[in-house]
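For the sequence shown, my numbering assigns the number 1 to the initial residue and increments by one for each residue that follows. Ideal Cβ positions, reconstructed from N, Cα and C, are used throughout, including at glycine.
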Amino acid sequence: MNNEMQILKIMELRKKGYGYKRIAKELDMTVSAVRYAITKYEEDEVLSGVCKHCGQETMSIKGRKRKVFCSDKCRWAWWNNNKEQVNKQAYYKHVCKNCGTEFKAYGAKHRIYCGQKCYIESKTNKNGDTHAEK
Ligand SMILES: [Zn+2]
Ligand SMILES: [Zn+2]
């Protein structure tokens, strides 16, 4: 079982006013394990936030990555809803100066060539290396 998830679950039940014994029973843990977890992560070590998708309260452990969503389900739902918007912001359309191919580049505003190949080709053409024989 994920340790972090377990701690958050304990804190959740603790907030509801559950005692050590009841939490232990609920989560199939020993009372001493519950007590240990609670003393280790005092209430001020747990930060509460609001799920970006459903608005439900979320809890994160201080010093660890802050939870933005209450569950994976909400994370996926949010990303699916905002996928188009996210893509629009992140992708830029370009036309390759060497071969004329239209391409999309992620987060790069100033790309001129569709790839390394065209970049090298355009350089060698400029220098006349490929047309040395005339
Ligand atoms: Zn949620
Ligand atoms: Zn190209």
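- Residue C114 holds the alpha-carbon nearest to the alpha-carbon of K97 among Y41, E84, C114, Y106.
- Restricted to the region 73 to 119, the beta strand (DSSP E) segments that are unbroken, complete and at least 3 residues in length are 91 to 95, 102 to 106, listed in chain order.
- The DSSP-derived three-state label of S71 is coil.
- For T39, the enclosing alpha helix (DSSP H) stretches over residues 31 to 40.
- Residue environment analysis places I112 among the exposed positions, since fewer than 16 neighbouring C-beta atoms fall within 10 angstroms of its C-beta.
- Taking 8 Å as the cut-off, the beta carbon of R66 is found closer than this to the beta carbon of G49.
- With a cutoff of 8 Å on beta-carbon distance, A37 and I61 are scored as not near each other.
- If you look at G49, you'll find it in the beta strand (DSSP E) that goes 46 to 50.
- Judged by the Cβ position, N80 fails to qualify as a neighbour of ligand 2 at the 7 Å threshold, every heavy atom of the ligand being at least this far.
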